[in-house]
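Working notes, beginning with the structure itself.
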Amino acid sequence: MDLTTTYMGLKLKNPVVPSASPLSAEVDVVKRMEDAGAAAVVMYSLFEEQINHEINELDHFLNSTSDSFAEALNYFPEPEEFKNLHAEEYLEQIRKLKEAVEIPVIGSLNGVSPGGWMEYAKKMEEAGADALELNVYYVATDPELTSEKVEALYLENLESVKKAVKIPVAMKLGPYFSAFANMAVKLDRAGADGLVLFNRFYQPDIDLENLEVVPNLQFSTPPEMRLPLRWIAALYGKVKASLAATSGIHTGTDVIKMIMVGADVAMIASVLMQEGVEKIADILQEMQNWMEKKEYQSVQQMKGILSYQSIKDTDAYERANYLRVLQSFK
Amino acid sequence: MQRKMVTIDGNEAAAYVAHKVNEVIAIYPITPSSPMGEWADAWSAQGQKNIWGTVPTVVEMQSEGGASGAVHGALQSGALTTTFTASQGLLLMIPNMHKIAGELTSTVFHVSARTVATHALSIFGDHSDVMATRSTGFALFASNSIQEIMDFALIAQAATLEGRVPVLHFFDGFRSSHEIQKIEQLTMDDMRRMIRDELVIAHRERALSPDHPVLRGTAQNPDHFFQARETVNPFYMKFPEVMQKNMDRFAELTGRQYHLFDYVGHPEAERVIVLMGSGAEAAHETVEYLVERGEKVGVLKVRLFRPFSIKHFVEALPKTVKAIAALDRTKEPGSAGEPLYEDVVTAINESRTEGFMPFEEIPVVIGGRYGLSSKEFTPAMIKRIFEELEKDKPKNHFTIGIHDDVTHTSLEYDPNFSIEPDDVFRGMFYGLGSDGTVGANKNSIKIIGEGTDYFAQGYFVYDSKKAGAVTVSHLRFGKKPIHSTYLVNRANFIACHQFVFLEKFDMLKFAEPGATFLLNAPYGPDEVWDKLPRKVQEQIIEKKLKLYVINAYDVARKTGMGGRINTIMQTCFFAISGVLPRDEAIKAIKDAIQKTYGKKGEEVVQKNFAAVDHALENLHEIKVPDQPTSNIELPPVVPDKAPKYVKEVLAKIIAGHGDDLPVSAFAPDGTFPTGTAQWEKRNIALEIPVWETDICIQCNKCVMVCPHSVIRAKVVDGQYLKDAPETFKSVKARGKEWGDDAYYVLQVSPEDCTGCELCVEVCPAKDKTNPSRKALNMAPQIPLREQESKNWEFFLELPEVDRKKLRVDTVKDSQFLQPLFEFSGACAGCGETPYVKLASQLFGDRMIVANATGCSSIYGGNLPTTPWTFNKEGRGPAWSNSLFEDNAEFGLGFRLTIDKHAEQARELLKTLASEIGEELVDALLQADQSSEAGIHEQRERVKILKDKLKQMDSQEAKLLLSLADYLVRKSVWIIGGDGWAYDIGFGGLDHVLASGRDVNLLVLDTEVYSNTGGQMSKATPLGGVAKFAFAGKPQPKKDLALQAISYGYVYVARVAMGASDVQTVKAFIEAERYKGPSLIIAYSHCIAHGINMRYGLKQQKLAVESGYWPLFRFNPERAKQGENPFQLDSKPPRIPLVEYAYNETRYKMLTKIDPERAKELLARAQEEVHKRWKLYERMAKSLYVPESDEEVTA
């Protein structure tokens, strides 16, 4: 049985790729992922703003109390060098992973400012990353900010990174665009080698006791995969870029569904964090069992067969879908 | 060979050589020598090697006593070993110094000479510490300037190896240790040439080794000790020659020729001053000035004070000398004269009697004291001494630099005399510690010193207050070497980096006519003139000053610099001072920025570059009008209603005129009144909390956490509020116990608040319809100042809540108690002072405090004004600081006295019972004083007793009268930081705990030496970065609580106010009530943790939630009831350690320095948390009961 697939030009042994998560911070864990059958790995995200914030923060706390008091000209030793001010640890982790595993390693860069991207993208390439994933974690809550400007920001970021590196670059996106398909096409034309759908913005919660808004990190749940499922179906065949499905994919059959709507790879994290990276093997086994049972020879054979362009009645994906769902309760 | 010019301070100069010519360095932090140890540690951490190619081992010990022991051991086993210290630290080394010298061991101690604490502690410089070591047998070797410090450090090392006499190399604390000068740096090659390997090998061969065993440290008897002691004489007799020989070798290498005594002045001088230390530089400069003007004067700089070579001394003086003034920077009360004076007298006399006196006539010798505790020593004073020497009968045993109106020792001098040449740039810069002024000036000195052929000097004067600390930088640049070892007092450039300073300091009195005045003002160029106080305008006009203005905070905000205006003001300085061509200067600033911040990332570099560019655009010269226009008058330093002593003495110190105070202004025994901080209104908060009565739930948490006691609550009857100021707020008091007409009032002292925001953070009450509005919200201080000051005054006049009616073991009620510790100089948001304040509220009216040296002794006892205060009855804490190392013992002494006096009082009561009245005596003896009411009743009885005793004639009655107050229970508190409790004072603390006496020890645990700048202590946590733990401390924090618990009869509590204020209050009450030793270890967040202090309490909470800081109480009383004495007061760890730790720079910086190690240490620290929690959990679950439940007594 041929499970191979191609993602951004990378030949992968199967379509199951662990997405960006803290799991990739440990070389051992990534090795276990590979052993369990992962086809590639997306590293945990490097947060560009955070790097800058932390540099400023460090500068502030090391210096703001200096030279104020005769007995204590400062309060901290100042080391000759900081080995990890500019994400050296992250880059080192890419190097270590490249040495430790055979599967492709995809660097993940998270940020919004146009300036910071290139430097770190370049460094990741130099460190050996096989591809990059740009995660534009941007919540456009400013009412004065137009959709044009938001879209331009994404395109600028992509273009600047594409100029800086030769390795493939994927854009990981949120779904909140007024014309998402058009946005995807624009990114495709701007040179995106892959589109990763979708980023799960962590939605805040309310602490009623203290009347405070609090961050709330929750694992994805299977119903969440419907959103990428629809949009991959819509984009399949309309863009040159590879398509990666992410959010709520927890089982082998989830992976198959995603392939059938047109995904080149299915990315998983929550289920691995909850059940362990060995779950990858189960997912692959489940896929194979299903394919065997249904007599599919290869992943390629299934790819896109339920996408917009392959099915006659696209109503199921669009408004009629909504009506049908409502009526089904009757 | 070309040597590098460097601009460094004296500490760095000494440490530089010491690190290169030693193998082992054992130190202990003490001001002002701490930076030497820190440099050495830093260099070793960076892998810098000594001249033999190995990285010296640097070890931080638990005290200077420990450091000197380690030094002695390392020397005896053959390593080249050194240490750095000062003041009490040096005193603690004395026993080992006798040993080291007695064994003729080659070593150099580098000492930044500092005042020894007597009637008061002083961190500043004089020779009292060095002079206390005269009998140790160490050679005493003085360097006077930064260049000399580096040079002498090397010469001393060479000499000690050759002559075997150990050397104490000293230089003046602060004046030399902290002064920055441009000097020529010695090379590795210089050092290799000076230090002869055969002598190093000989030193090793003398070492103790099992391979060629010998015995030292014997005990000797009367028949032979004496002779054996005299064996060292040849070494001491030879040592001056050895030293001179090495000075000569050094001169061959570097061209700088030194002598045991260096003379400067007229070759036929008749009047000569003899001295050592930095003052010799000022004398050098003054002598040259006077000689040029035809005066026959000179100065003799003493380099090698011990062994004192009479021959070299008399030969170094001109034969023509008629009068000599020997100046000592120390005081030896009761002596025939100070040490140098005595040696000079002896030398001259001996040269005469031995027949080698070279002088034409026998010179008159007088002695004088100068410069104690870094008192200024200026050309004006030196000139005056020369004038005195001209007299037929010059005054002996004089003082100079003070006005002694008690014993009239002082020479009056003309302070306006100045010899500063016009071609020297002399700048004064007034800044805040937090605005980066000093850092910027240090940077400017480097730029000018290292980028031009100018000589440069920088000296920095700091505040003793930690919140809103003021700094004054004194900079000189000139074509010739700078010998001016005194502050700039005639400046041709003055910069005021904080507009509010114009109202506080008369800085323009130091401006020379035509000087440049640079002002940072929050006003535009068109409006700024009218905002200046009238006096400032008058000075600008009268002295024809050039006025430049910039709104630096605005520029800082716009360029992302936040509150740091350093780069901006530095740019302005270079732009208008003309020290360097403008473009050259700007380039140099940018190069320096790149160098300083480069390693911290491009982001930081770029924002500094932007600040430079914007500074130039926003700098304006102001056209000065002919006439002053302002009506703004300078406010009085203290209010008119302040007590006489405050107005006449302390106000002068506050205003910067402390030098003008005469001797008679001070008590002869170091005694000061308490309650003086209230008179120093510092107005340092930009914003203050404002109370919203409709939201407040009257929990008093804000009062509890306020580090400066500026937010207070009372409940009063409505009648008292009738005449309240219009804006005074009050609200019906919650709780039936107060009655129907009771009002709750919460008031902030606007002029004492530091704006730390802890109160706002802790406030749990939120507006139900607008949750971002709390019952306390910050608002700008200036518009509120006047109104709230009036309200504060009114509030203070309102009656205090009756202590007897309060449930003081609750948070809310405890905070109605008047704090008797207020407005301290602690950092804004300090984590220590809320605990100190709490103790003062609960027990202050019968409390006596022994305070270890450290932050708490500085914010608690540094003049001008101090925070410990008294209540309306005149009762309040009595406070003293003995030393750093002896605090527990000092406090135990209080207890011993109180117990003894109480016992005597009871005995006398019994003796006099029939006269006093049996009933009263019985009541006094049987009194239950376990509650506020009980104490009140006992005080009433004592009052009656005293009245009766006053009527009685007998001696016993008089004695009892003097002891009667001891019949009221006293509360002994022994307070200090972790440096004291875990390290230097641990032995004493342990012993005092073991004594079983009723004392309360409060450890304000910041987990580092905070006061001296964040050095590691045994309280420093695993993984935390601190000085001497560059790579994160690899061992866990010592569990001091567990050690104390092991006694079984010690009350022990671990508290963190931010996690549980309820538990904190309970612990304090229980500890005090327990009739035996009590130990409270209090988590104290600190600026040395690298946090936003506003979130200090949140960090405390996280520390507890992560299980890092479990809360517990071990109360032996419970064991007596058959209960487990150990109670865990916090829940099992709920969050990973990282969520607490990585909010703090001390932990997080390691992830930037060495991420691998950070990961490893974090994992180990987490493991440690689990292990410790399990242990505590087991202790809390086990039914532990001590075998014996007998009463514990001493």
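Protein chains in written order, with the working numbering: chain X, 20 to 349; chain C, 1419 to 2612. C-beta: ideal position from N, C-alpha, C; glycine also.
Residues of chain X whose Cβ lies closer than 9 angstroms to the Cβ of Glu1597(C) do not exist, since the nearest Cβ in that chain is about 13 angstroms away.
Between Lys2445(C) and Asp2401(C) the beta-carbon gap is near 14 angstroms, outside 8 angstroms, which marks them as no contact. If you keep only unbroken alpha helix (DSSP H) runs of at least 4 residues inside the segment 2114-2145 of chain C, you get 2119-2123. In the three-state DSSP reduction, Met1979(C) falls in the coil class, being neither helix nor strand. With distances taken between CA atoms, Pro1776(C) lies nearest to Phe1731(C) out of Asn1834(C), Phe1731(C) and Met1568(C).
Assigned with DSSP and collapsed to three states, Val1739(C) falls in coil, not helix or strand. Using a CB distance cut-off of 8 angstroms, Ala2506(C) counts as an interface residue toward chain X. Taken in chain order, the unbroken stretches of alpha helix (DSSP H) that lie wholly in the segment 1683-1748 of chain C and span 4 residues or more are 1697-1710 and 1728-1734.
With respect to the 8 angstroms criterion, Met1609(C) and Phe1556(C) are not classified as neighbours on the basis of their beta carbons. Distances from the CA of Glu1778(C) to each of Lys1737(C), Ser1791(C), Thr1771(C) and Ala1743(C) were compared; the closest alpha carbon is that of Lys1737(C). At a cut-off of 8 angstroms between beta-carbon atoms, Arg1982(C) makes contact with chain X. Leaving aside the five residues that flank Leu1678(C) on each side, the residues in its chain whose CB is nearer than 7 angstroms to its CB run, in chain order, Pro1658, Met1661, Gln1662, Arg1721, Leu1722, Ser1727 and His1730.
In this structure the segment 115-127 of chain X does not lie against the segment 2589-2603 of chain C, because fewer than three pairs of beta carbons, one per stretch, are closer than 8 angstroms. With distances taken between CA atoms, Phe2090(C) lies nearest to Pro2282(C) out of Ala2331(C), Met1979(C), Gln2096(C) and Pro2282(C). Sixteen is the threshold: since fewer than 16 other Cβ atoms of the shown chains lie within 10 Å of the Cβ of Leu230(X), the residue is exposed. Of all residues in the segment 2014-2041 of chain C, those with a C-beta nearer than 9 angstroms to a C-beta of chain X are Tyr2015, Lys2017, Lys2018, Gly2019, Glu2020, Glu2021, Val2022 and Lys2025, reading in chain order. For Lys102(X), at least one C-beta of chain C is nearer than 8 angstroms to its own C-beta.
Between the segment 2083-2101 of chain C and the segment 2276-2290 of chain C, the count of C-beta pairs closer than 8 angstroms reaches three or more; the two stretches touch.
Taking a 10 Å sphere around the C-beta of Leu164(X), we find fewer than 16 other C-beta atoms and assign the residue as exposed. Assignment of Asn154(X) by DSSP, reduced to helix, strand and coil, places it in the strand class. A Cβ-Cβ contact shorter than 8 angstroms links Met143(X) with Ile113(X). If you draw a straight line from the Cα of Glu1566(C) to the Cα of Gly1428(C), it comes to about 9 angstroms.
A distance below 8 angstroms separates the beta carbons of Tyr1788(C) and Gly1697(C). Cys1914(C) carries a strand assignment under DSSP once its states are collapsed to helix, strand and coil.
Nearest CB-CB separation between Ser38(X) and chain C: not below the 8 angstroms threshold. For the segment 84-95 of chain X, residues whose beta-carbon sits nearer than 8 angstroms to a beta-carbon of chain C comprise Thr84, Ser85, Asp86, Ser87, Phe88, Ala89, Glu90, Ala91, Leu92, Asn93, Tyr94 and Phe95.
In this structure, Ala1974(C) sits near Ile1983(C), with a CB-CB distance shorter than 8 angstroms. Here the alpha carbons of Ala106(X) and Ala2060(C) stand approximately 58 angstroms from one another. Within chain C, Glu2021 and Val2022 have C-beta atoms less than 7 angstroms from the C-beta of Asn75(X), given in sequence order. Nearest C-alpha to Ser261(X) among Ile268(X), Thr270(X), Thr272(X) and Met277(X): Met277(X). Within its own chain, the residues whose Cβ lies closer than 7 angstroms to the Cβ of Ala1701(C), once the five positions on either side in sequence are excluded, are Ile1691, Leu1693, Val1717 and Ile1800, listed in chain order. A buried status is given to Lys322(X), since no fewer than 16 other beta-carbon atoms sit within 10 Å of its beta-carbon. Counting C-beta atoms within 10 angstroms of its own C-beta, Ser2348(C) has fewer than 16 neighbours from the protein chains shown and is therefore classed as exposed. By the C-beta criterion, the segment 2063-2076 of chain C is judged not to be in contact with the segment 2042-2050 of chain C, since fewer than 3 inter-stretch pairs fall below 8 angstroms. With its beta carbon at least 8 angstroms from every one in chain X, Ala2246(C) lies outside the interface. Membership of Tyr1788(C) in the beta strand (DSSP E) is indicated by the continuous run Val1782 to Tyr1788.
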